[in-house]
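Residue numbers (my numbering): 37 to 120.
Taking it in order: structure first as structure tokens, then the write-up.
What follows is the structure, encoded as structure tokens:
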């Protein structure tokens with residue numbers, strides 16, 4: 037799988053799990069992470085999604101937010117980078 041494939045997969049994940057993205061954005065707002073980027077979400081049970089998640093995580097810099105959250109009975113990884 038290429039880097040472009042992994043980024044495309046992350047875009048598909050965003051569309052498939054909007055509640056996870058909403059939760060991530062809420063956490064970012066609550067913590068005042070003004071410069072958040074490299075948003076990422078993965079269904080914890082899906083190996084391909086976790087691979088895409090890890091790729092996006094590795095391409096970020098500065099601070100790092102990582103959480104596990106249960107949404108509609110499923111465990112998700114959510115995260116972003118923040119700083120400067």
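From the three backbone atoms N, C-alpha and C, an ideal C-beta is built for every residue, glycine too.
Note that this is a predicted model, so its numbers are computed, not measured.
- Task: Check whether the Cβ atoms of residue 115 and residue 100 sit closer than 8 Å, and answer yes or no.
- Result: yes
- Three-state secondary structure (DSSP) of residue 110: strand
- Item | CA nearest to the CA of residue 112, picked from 92, 82, 63 | 82
- Message: Tell me the DSSP secondary structure of residue 73 in three-state form.
- Response: strand
- List the endpoints of the continuous alpha helix (DSSP H) containing residue 87. 83-94
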